[in-house]
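I have placed the structure first, in the form of structure tokens, so that the comments after it can refer back to it.
Numbering (this note's numbering), first residue to last: 6 to 73.
This is how it looks when you write it as structure tokens:
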């Protein structure tokens, strides 16, 4: 049985993903800045890795093939 999400549900899910991405990474940058500013910018790893996943999510939601 196929269950397709509505366009609205997809956009809400993407919005939640973006908000979580921003909140988590702002917190990581604050922690880095407060405790290890002279060291390597370690939040870069999760920014890039999670950013790749977020980019795939954005492309999946905005893909014209999705609207079939």
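Idealized CB from N, CA, C, for every residue including glycine.
Excluding the 5 residues flanking it on each side, residue 56 has no same chain C-beta neighbour closer than 6 Å. A straight line joining the alpha-carbon of residue 61 with that of residue 25 spans about 16 Å.
If you ignore the 5 residues before and after residue 37, its C-beta comes within less than 7 Å of the C-beta of 46, 47, 48, all in its own chain and listed in chain order. The beta carbons of residue 59 and residue 23 sit closer together than 8 Å.
If you check the CB distance, residue 19 and residue 63 come in under 8 Å.
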